[in-house]
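In this text, residue positions in the sequence shown follow my numbering: the first is 408, and each later residue adds one.
Only one structure is covered here, and it is reproduced in the block below.
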Amino acid sequence: KKSKSGRAKKAAAQRAAAARASRRGGGGGCADGPCCGPSGSNSGEGIKTLPLVMLIMLTGTTVLPALLYMGDYFSAFLARNHFMGNIGHRLGIGPNPKKRVVSFYEKHDPEKLTDVDSILAKYYGDYPKLVKRLERKYGDYGYFINWEQDEAPMHLAVEKLWETHELMSRQFDLYAPAVVKTGARNVRHNLGFLYKKGRKLWVKQIWPVLEPHLGVPDEKAARRQKLKDKKEAEQKKKAATGQRRKSAEFRDDEDEM
């Protein structure tokens, strides 16, 4: 009974204290309670900047070297694995000498054909260096001359046209009737015959007549024509200034003098 009465008195005391606190705080919330903090504190100050700056400086001096080390390690990892070169090569950004490299290895070292993509990714953006190393290693100079033209739009278009022509020819040979094949063969033969005759006529009869007016002379003919024009220009200049040519017509005058 004493324990029950003691607990009841303690509970009544707590309720009385809570009521006094509510009256003191204006009926709203607790006063000096754990949730509100001390009643005399100023809650509008916010976070102090100086301690925050000091905290950032202290932690930054330890975190920044670690970040720099991680950045260097990551960049070295990308460089070793040619990450950017792999992306550029796989996406086909810019011209690359893949066709020449494949044919070069087929000629000199067929075992390297499986490594063509990795080699091109390694030298992505620096293909002249790759060309020099391959030519020096295998002693085949001049194999990569004008390799940039392999990726030219006109060259690619011509290649696609020939591939399409070959594909259509194979399909035609497989599925066309015999009569159609015979007619196509005759047409092809007749067109080839007309082309040869027309070319022969152009080279031997038509072009010799048009060449003096439209043709571009070769190097020797151009040099001769240049010397001839120079001589004619000097003669015209001397005739305009009144100078005489040194020829056999005036040797007697020199002897008399």
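Quick reminder that beta carbons are idealized off the backbone N, C-alpha and C, glycines included.
- Apart from sequence neighbours up to five positions away, no residue of its chain approaches alanine 419 with a beta-carbon distance below 6 Å.
- With contact defined as three or more Cβ pairs closer than 8 Å, the segment 528-537 and the segment 581-600 are not in contact.
- A distance below 8 Å separates the beta carbons of lysine 519 and tyrosine 512.
- In this chain, the alpha helix (DSSP H) harbouring glycine 590 covers 585-608.
- In this model, serine 576 and glycine 605 are separated by some 26 Å (Cα to Cα).
- Membership of glutamine 642 in the alpha helix (DSSP H) is indicated by the continuous run 626-648.
- With contacts defined by Cβ atoms closer than 8 Å, glutamate 573 and proline 502 do not form a contacting pair.
- DSSP, read as helix, strand or coil, puts aspartate 479 in helix.
- Per DSSP, reduced to three states, the secondary structure at tyrosine 550 is coil, with no helix or strand assignment.
- Collapsing the DSSP output to three states places tyrosine 530 in coil.
- For proline 458, the secondary structure class from DSSP, reduced to helix, strand or coil, is helix.
- Between proline 619 and phenylalanine 551 a beta carbon distance of about 41 Å is seen, past the 8 Å cut, so the two are scored as non-contacting.
- Taking a contact as a CB-CB distance under 8 Å, the pair glutamate 555 and tyrosine 548 does not count as one, their CB atoms being some 17 Å apart.
- Taken through DSSP and simplified to helix, strand or coil, proline 472 comes out as helix.
- In the three-state DSSP reduction, aspartate 557 falls in the helix class (H, G or I).
- For glutamate 518, there is no enclosing alpha helix (DSSP H), since its DSSP letter is neither H nor E.
- A straight-line Cα-Cα distance of about 40 Å links histidine 562 and leucine 634.
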